[in-house]
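Protein sequences, first through last, are from chains A and B.
Letter by letter, the first sequence follows residues 12 to 129 of our numbering.
Letter by letter, the second sequence follows residues 2 to 114 of our numbering.
For each residue, glycine too, the CB sits at the ideal point set by N, CA and C.
Every value quoted in this text rests on a predicted model; they were computed, and no experiment measured them.
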Amino acid sequence: GAGVSQSPSNKVTEKGKDVELRCDPISGHTALYWYRQSLGQGLEFLIYFQGNSAPDKSGLPSDRFSAERTGGSVSTLTIQRTQQEDSAVYLCASSWGRGASPLSYEQYFGPGTRLTVT
Amino acid sequence: AQSVTQPDIHITVSEGASLELRCNYSYGATPYLFWYVQSPGQGLQLLLKYFSGDTLVQGIKGFEAEFKRSQSSFNLRKPSVHWSDAAEYFCAVGPDSSYKLIFGSGTRLLVRP
């Protein structure tokens, strides 16, 4: 079946512009996660959705970052007034979500969006 | 507090040699444990997972990991490394209080020809 997809795969933008990154999770997955990975670094958790609500948005680095999820499916991560330090790969993952089964927490990752701010 | 530590930032091994990547965790109960691999320019792929039962788990690509409760560890092993195993490896534990996984900082594996 189809995996997690992200678009665009690459995005180059000028400093100060707004960007939108999209994530399509696996069909039926209720949980969706956004991570940031700077060059040579590990995973930085940004935000987690369960359905359309975000019980954990503790990782958003500033108020320039926001995310929404509609219809319990597609999610959009928006970065306003981009800065050069926002340059990174943005990864999205999905899982079955909260549940009694440990399989609920197994995350499936998309290929990422590479954002370059010039 | 719940946490996961991968003590080795980089590891270099020769092709054909054995490999062990370390993962230590802090968790109140028996956690769910995962190992993921990230090849250059790719997303993360699940290698293996432990939920309960047999503490030695087999994964894809010839990898295995052993859960040791007494040592709070879940080390990843492979008997003979191939050049294609060069990648970044992430250990994850969960769920945390928000019902998500906590990822380690990763170990970058380099393979010498």
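Chain A contact for residue i (CB, 7 Å cutoff)
| i | result |
| --- | --- |
| glycine 95(B) | yes |
| tyrosine 90(B) | no |
| tyrosine 26(B) | no |
| glycine 54(B) | no |
| leucine 49(B) | no |
| leucine 34(B) | no |
| serine 106(B) | yes |
| glycine 44(B) | yes |
7 Å Cβ cutoff, residue i in contact with chain B
| i | result |
| --- | --- |
| glycine 123(A) | yes |
| tyrosine 116(A) | yes |
| phenylalanine 120(A) | yes |
| arginine 109(A) | yes |
| proline 72(A) | no |
| proline 113(A) | yes |
Under the three-state DSSP convention, the category residue i falls into
| i | result |
| --- | --- |
| tyrosine 51(B) | strand |
| tyrosine 100(B) | coil |
| glutamine 84(B) | As written in the sequence, residue 84(B) is tryptophan, which differs from the glutamine given in the question. Tryptophan 84(B) falls in the helix class under three-state DSSP. |
| leucine 77(B) | strand |
| arginine 92(A) | coil |
| arginine 47(A) | strand |
| leucine 71(A) | coil |
| tyrosine 116(A) | helix |
| glutamine 17(A) | strand |
| serine 71(B) | helix |
Cβ neighbour criterion (16 or more within 10 Å) applied to residue i
| i | result |
| --- | --- |
| aspartate 97(A) | buried |
| aspartate 29(A) | exposed |
| lysine 69(B) | exposed |
| alanine 99(A) | buried |
| serine 64(A) | exposed |
| threonine 124(A) | buried |
| tryptophan 84(B) | exposed |
Partners in chain D for residue i, counting only beta-carbon separations shorter than 7 Å
| i | result |
| --- | --- |
| aspartate 67(A) | Judged by its chain identifiers, the structure shown contains no chain D, and its protein chains are A and B. |
Residue range of the beta strand (DSSP E) that includes residue i
| i | result |
| --- | --- |
| isoleucine 58(A) | 55-61 |
| phenylalanine 64(B) | Careful: phenylalanine 64(B) lies outside any beta strand (DSSP E) and carries neither H nor E. |
| histidine 11(B) | 11-15 |
| tyrosine 33(B) | 33-39 |
| leucine 111(B) | 108-113 |
| leucine 32(A) | 30-35 |
| valine 5(B) | 4-6 |
According to a CB-to-CB cut-off of less than 7 Å, which residues of the stretch 64-87 of chain B neighbour chain A?
Hits within the stretch: zero.
Can you list, in chain order, the residues of the stretch 34-53 of chain A whose Cβ is nearer than 7 Å to any Cβ on chain B?
Tyr44 and Gly53
Contact list for the stretch 92-105 of chain A against chain B, Cβ threshold 7 Å:
Leu102
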